[in-house]
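Asker: Position in the sequence shown counted from 1, then plus 269, gives you the numbering used here. Got a structure for you, questions after.
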Amino acid sequence: MELIKWAPQRDLFNFHNRFGRMFDDFFCPTTGNGEELSMWNWNPVVDIYDNEDNIVINAELPGVDKKDILIDIKGKVVTLKGERLSENETKDETYYRQERSFGKFERVFVLPVEVNSDKVKADFKDGVLKIFIPKPEEQKTKKITIH
Numbered sequence: 270m271e272l273i274k275w276a277p278q279r280d281l282f283n284f285h286n287r288f289g290r291m292f293d294d295f296f297c298p299t300t301g302n303g304e305e306l307s308m309w310n311w312n313p314v315v316d317i318y319d320n321e322d323n324i325v326i327n328a329e330l331p332g333v334d335k336k337d338i339l340i341d342i343k344g345k346v347v348t349l350k351g352e353r354l355s356e357n358e359t360k361d362e363t364y365y366r367q368e369r370s371f372g373k374f375e376r377v378f379v380l381p382v383e384v385n386s387d388k389v390k391a392d393f394k395d396g397v398l399k400i401f402i403p404k405p406e407e408q409k410t411k412k413i414t415i416h
């Protein structure tokens, strides 16, 4: 009888995969054309914060071309859509590991206040998208001097 070395991290990884599939099956059904709407597909990571004048959204979009990004703002809702295209693949290549994800993404965020989309600015540099959303005057921080 051969002894098999137990690796607890493998069990944890398998549990994570099974739980993820179960979660996807329940909350993310297929679109009907065979394409899965999976939460486990690639989505850019995002930070959202505010300073005195703006609500700022920073999204990491490495490998995404600026022309493949769409920002839509309506009321309090900001939608960030895009696609990270796969590099041209040849069938002659043998992958030992392929961890990078490609494809379409969509992130939707609800802001705490309605904003004027005409004043929004966005910069894209080094794979990071920064969206500057001016806060309405009544939402800006006012400093009060104590006498």
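Glycine included, C-beta positions come from ideal geometry on N, C-alpha and C. The structure presented is a predicted model; accordingly, all values stated were derived computationally and were not measured.
Quick one: Cα of residue 327 to Cα of residue 335, how far?
Answerer: 14 Å
Asker: Are the CB atoms of residue 347 and residue 329 nearer to each other than 8 Å?
Answerer: no
Asker: Compute the Euclidean distance between the alpha carbons of residue 392 and residue 321, then round it to the nearest angstrom.
Answerer: 19 Å
Asker: Relative to the C-alpha of residue 331, which residue among 318, 324, 344 and 311 is closest?
Answerer: When only C-alpha atoms are compared, the closest one is 311.
Asker: Tell me the DSSP bridge mates of residue 340?
Answerer: 349
Asker: For residue 387, name the three-state secondary structure that DSSP assigns.
Answerer: It is helical.
Asker: Helix, strand or coil for residue 335 per DSSP?
Answerer: helix
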